[in-house]
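The block underneath contains the structure these notes are about, expressed in structure tokens.
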């Protein structure tokens, strides 16, 4: 059996950037890209220092990079507060009254926050956190719907030096417990609930259930999104506090204190091939430099853009490309609370038309669902404001790329198909829209400072169209610094395959033009709708059911989600299998982990094959 990954996909269609787009773009030609890329690889300290200087620093660094594999320190000795780059600076540079966030709730209400208003809200909530005894490096968990308060909470934590850990609102109480036990959060910020597909998701109730098992949380701050009629909540005296009541007790002025460039900014949990989720730790200066720079060049952000990333802030895409990167660039961005198909599949296109969105960033899963729903939804809306499209979360199949290009982009919008990970912090491989020739299905070329390669099992570089392991050979500013509380797992997971190189865990190949094609995960991690789920987590949830003896979970192709979940289950003696039991097990997994992890199929088997281990 070959040690290398087979890859048979080929693509001859090539799309050049339009002259009109290139003329206004930040990177206008392949010659300019190659020149800047070469400098970023040969002189990374010089390149990244120039980019970092565009952020607000209270104290300049003494050394751009200190690299002792596998540990990197960027902008050594430098001090900054990310809020000054994301919000405060815009009050002085003419953007104070510019819309920062334009929010639409699923029921249809909307709200706009200018940079001045956003600054006021962040300062106010920073004071709320301080009043609750939150100190620098304390961990604060955030479990909220897609409302501006989620961004405000994240930036308030960053402003006072607390370390936020955001959990996707679709995760269950048990998932909250796992993460609380790992990071030892001192406080939780949540909401009474959020809207999803016309129903209410009761977030505070999940927090209450989690805190029956984990006792270390001192304060729970609850934002009232829904109201007492639809989402009644129980407030525990001395522990639970309403956001609006606490906000009224403090003022809205707060001076941003500087923190070291390597001060921890956030922990974000992602699935591993073992049952325990990994707490990916990102720090301040390098992460912000990476997200700011990728936004500037890959999304070609301009002063008059209206940008919309459809991700949830509970995932890394929402951190990097909602909370941090776009705000550091001073653009106006749209936030939407609900599902793309509520009340129907025209909702996204209504929002694009209503707010004149110019940059649209979404997942291939959503695109495939839109294709299935029919062209009449986008074709009956005015999408002429769009000038750039992006995809994230998983490889996009060529035909979905073509539909996106023709139906959504009208054949005129460049598509940036982006590859990156929770661990990388920022986009690593992507076209630059003003200069890169694009092919449907490929993420094309590495971004500045990304020394990417594809290696075989022996460590040799793969030839064109020969699949292998995707690695990054040099450090980059937004890279993870460790797995929280587990340096050994950090080294073993990412740095053991090839000495001094980061192993992404993805299979890939390059074509003869040097474009990178991502094949998929190499470990036991599923990529469902762009979300990574460990097979061991789903297996553990199934086996926790009283009738299940064994479970094995695998991925399978799925028309909409890209990858679906198939489970093979054996039941304990005396238990009977049935369609009703299969449904019960699916719902059980949803309760333990979250709806995203529900198996699409459950197959009952008398026994499962075993390996020696």
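Numbering (our numbering), first residue to last: 1360 to 1972. No residue lacks a Cβ here, since even glycine has one placed at the ideal position from N, Cα and C.
Exercise for the section: Note the first and the last residue of the continuous beta strand (DSSP E) segment covering residue 1962. Expected result: Residue 1962 sits at position 603 when you count from the first residue of the chain shown. That run of the beta strand (DSSP E) goes 1960–1963.
Exercise for the section: Could you tell me whether the region 1916–1925 touches the region 1954–1969, where touching means 3 or more Cβ pairs closer than 8 Å? Expected result: Touching, per the Cβ criterion.
Handout entry: Alpha-carbon spacing of residue 1910 relative to residue 1967, whole angstroms
Key = As a working mapping, residue 1910 is identified with position 551 in the chain shown. As a working mapping, residue 1967 is identified with position 608 in the chain shown. In a straight line, the C-alpha of residue 1910 is about 8 Å away from that of residue 1967.
Exercise for the section: Determine which residues share a DSSP beta bridge with residue 1486 and list them. Expected result: Against the chain shown, residue 1486 aligns to sequence position 127. The partner list for residue 1486 (beta bridge, DSSP) is empty, contrary to what the question assumes.
Practice task
Would you be able to state if there are at least three C-beta pairs under 8 Å between the region 1571–1580 and the region 1593–1601?
Solution key: Yes, since at least three Cβ pairs between the region 1593–1601 and the region 1571–1580 fall closer than 8 Å, the two stretches touch.
Practice task
Return helix, strand or coil for residue 1707, following the three-state DSSP convention.
Solution key: Numbered from its first residue, the chain shown carries residue 1707 at position 348. Of the three classes helix, strand and coil, the one that applies to residue 1707 here is helix, per DSSP.
Exercise for the section: Please list, in chain order, all residues of the same chain as residue 1718 whose beta carbon is under 6 Å from its beta carbon, the five residues on each side excluded. Expected result: Locating residue 1718 in the chain shown gives position 359, counting from the first residue. Taken in chain order, the residues that qualify are 1658, 1664, 1666 and 1747.
Problem - Separation of residue 1787 from residue 1779, as counted between CA atoms - result: Here residue 1779 corresponds to residue number 420 of the chain shown, with the count starting at 1. Here residue 1787 corresponds to residue number 428 of the chain shown, with the count starting at 1. One alpha carbon belongs to residue 1779, the other to residue 1787, and they sit about 5 Å apart.
Handout entry: Straight-line gap, residue 1560 to residue 1553 (C-alpha atoms, nearest Å)
Key = Position 201 of the chain shown, counted from the start, is the residue given in the question as residue 1560. Position 194 of the chain shown, counted from the start, is the residue given in the question as residue 1553. Rounded to whole angstroms, residue 1560 to residue 1553 spans 5 Å at the Cα level.
Exercise for the section: Return yes when the Cβ of residue 1459 is within less than 8 Å of the Cβ of residue 1691, no when it is not. Expected result: Position 332 of the chain shown, counting from 1, holds the residue named residue 1691. Position 100 of the chain shown, counting from 1, holds the residue named residue 1459. Less than 8 Å separates the beta-carbon of residue 1691 from that of residue 1459.
Exercise for the section: May I ask you to report which of helix, strand or coil DSSP gives residue 1409? Expected result: As a working mapping, residue 1409 is identified with position 50 in the chain shown. Helix at residue 1409.
Problem - For residue 1419 and residue 1782, the rounded distance between their alpha carbons - result: Mapped onto the chain shown, residue 1782 falls at position 423. Mapped onto the chain shown, residue 1419 falls at position 60. For residue 1782 and residue 1419, the distance between alpha carbons rounds to 26 Å.
Practice task
Inspect the beta-carbon positions of residue 1776 and residue 1796 and report whether they are closer than 8 Å.
Solution key: On the chain shown, residue 1776 is found 417 positions in, with the first residue counted as 1. On the chain shown, residue 1796 is found 437 positions in, with the first residue counted as 1. With contacts defined as CB atoms closer than 8 Å, residue 1776 and residue 1796 fail to qualify as a contacting pair.
Practice task
With hydrogens ignored, establish whether the beta-carbon of residue 1938 is closer than 7 Å to any heavy atom of the ligand NAP.
Solution key: With respect to the ligand NAP, the structure offers nothing, as it holds no ligand at all.
Handout entry: Neighbourhood of residue 1730 by C-beta, 6 Å cutoff - its chain only, sequence neighbours within 5 removed
Key = In the chain shown, the residue the question calls residue 1730 occupies position 371. Non-local C-beta neighbours of residue 1730 in its own chain, meaning closer than 6 Å and more than five positions away in sequence, comprise 1762, ordered along the chain.
Problem - C-beta contact flag for residue 1784 and residue 1630 at 8 Å - result: Position 425 of the chain shown, counting from 1, holds the residue named residue 1784. Position 271 of the chain shown, counting from 1, holds the residue named residue 1630. No; because the gap between Cβ atoms is not below 8 Å, this pair is not in contact.
Exercise for the section: Helix, strand or coil for residue 1685, going by three-state DSSP, please let me know. Expected result: Position 326 of the chain shown, counted from the first residue, corresponds to residue 1685. Of the three classes helix, strand and coil, the one that applies to residue 1685 here is helix, per DSSP.
Handout entry: Rounded Cβ spacing between residue 1544 and residue 1499 (contact assumed at less than 8 Å)
Key = As a working mapping, residue 1544 is identified with position 185 in the chain shown. As a working mapping, residue 1499 is identified with position 140 in the chain shown. Between the beta-carbon of residue 1544 and that of residue 1499 there is about 6 Å, and that keeps the pair under the 8 Å contact cut.
Problem - Length of the line joining the Cα atoms of residue 1372 and residue 1773 - result: Position 13 of the chain shown, counted from the first residue, corresponds to residue 1372. Position 414 of the chain shown, counted from the first residue, corresponds to residue 1773. Rounded to whole angstroms, residue 1372 and residue 1773 show a C-alpha spacing of 14 Å.
Practice task
Could you give the DSSP three-state label for residue 1742: helix, strand or coil?
Solution key: To locate residue 1742, count along the chain shown from 1; it is residue 383. Here residue 1742 carries a coil assignment [DSSP, helix/strand/coil].
Problem - Cα-Cα separation between residue 1710 and residue 1906, rounded to whole angstroms - result: Counting from one through the chain shown, the residue named residue 1710 turns up at place 351. Counting from one through the chain shown, the residue named residue 1906 turns up at place 547. Each residue's Cα considered, the two are about 46 Å apart.
Practice task
Could you pull the start and end residues of the beta strand (DSSP E) that residue 1421 belongs to?
Solution key: Stepping through the chain shown from its first residue, residue 1421 is reached at position 62. Per DSSP, residue 1421 belongs to no beta strand (DSSP E) and is neither H nor E.
Practice task
May I ask you to report which of helix, strand or coil DSSP gives residue 1414?
Solution key: Position 55 of the chain shown, counted from the start, is the residue given in the question as residue 1414. In this structure, residue 1414 counts as coil in the three-state DSSP scheme.
Practice task
Can you grab the Cα-Cα spacing for the pair residue 1380 / residue 1572, in whole Å?
Solution key: Along the chain shown, read from residue 1 onward, the residue named residue 1380 stands at position 21. Along the chain shown, read from residue 1 onward, the residue named residue 1572 stands at position 213. When rounded, the distance between both Cα atoms is 55 Å.
Practice task
Report the partner residues of residue 1668 according to the DSSP bridge assignment.
Solution key: As a position in the chain shown, residue 1668 is number 309, starting the count at 1. DSSP lists 1720 as partners of residue 1668.
Practice task
Work out the CA separation of residue 1539 and residue 1917 for me, nearest whole Å.
Solution key: The residue you call residue 1917 lines up with position 558 of the chain shown. The residue you call residue 1539 lines up with position 180 of the chain shown. Each residue's Cα considered, the two are about 33 Å apart.
Practice task
Would you decide whether residue 1912 is buried or exposed? Buried here means 16 or more other CB atoms lie within 10 Å of its CB.
Solution key: Taking the first residue of the chain shown as 1, we reach residue 1912 at position 553. With 16 or more other Cβ atoms from the protein chains shown falling within 10 Å of its own Cβ, residue 1912 counts as buried.
Practice task
Put residue 1970 into one of helix, strand or coil per three-state DSSP.
Solution key: As a working mapping, residue 1970 is identified with position 611 in the chain shown. The pLDDT assigned to residue 1970 is 45, lower than 50, so where the model puts this residue is not dependable; a value taken from the coordinates is nonetheless given after this. When DSSP states are grouped into helix, strand and coil, residue 1970 belongs to the coil group.
Exercise for the section: Report the three-state DSSP secondary structure of residue 1619 (helix, strand or coil). Expected result: Sequence index remark: in the chain shown, residue 1619 carries index 260 (1-based). Residue 1619: strand per DSSP, three-state reduction.
Handout entry: N-terminal and C-terminal residue of the alpha helix (DSSP H) that residue 1519 is part of
Key = Taking the chain shown and counting its residues from 1, the one referred to as residue 1519 is at position 160. For residue 1519, the uninterrupted alpha helix (DSSP H) segment begins and ends at 1507–1519.
Handout entry: residue 1362 versus residue 1821 - alpha carbon distance
Key = The count along the chain shown starts at 1 and reaches residue 1362 at position 3. The count along the chain shown starts at 1 and reaches residue 1821 at position 462. Confidence at residue 1362 is low in this model, with a pLDDT of 43, below 50, so its placement is unreliable and the value that follows should be read with caution. Residue 1362 and residue 1821: Cα-Cα distance of roughly 12 Å.
Problem - Option nearest residue 1930 by Cα separation, candidates 1488, 1903, 1949 and 1525 - result: Reading the chain shown from its first residue, position 571 is the one you call residue 1930. Minimum Cα distance to residue 1930 is reached at 1903.
Problem - Ordered list of beta strand (DSSP E) runs contained in the region 1528–1596, each at least 3 residues - result: Listed in chain order, they are 1546–1550, 1553–1555, 1558–1560 and 1578–1582.
Handout entry: Ranges of the beta strand (DSSP E) found wholly within the region 1788–1867, counting only runs of at least 3
Key = The region 1788–1867 contains these whole beta strand (DSSP E) runs: 1811–1814 and 1827–1831.
Handout entry: residue 1907 - containing beta strand (DSSP E), residue span
Key = Taking the first residue of the chain shown as 1, we reach residue 1907 at position 548. Start and end: 1907–1917.
Problem - Where residue 1881 falls: helix, strand or coil (DSSP) - result: Counted from its first residue, the chain shown places residue 1881 at position 522. In the three-state reduction of the DSSP assignment, residue 1881 falls in the coil class, being assigned neither a helical nor a strand state.
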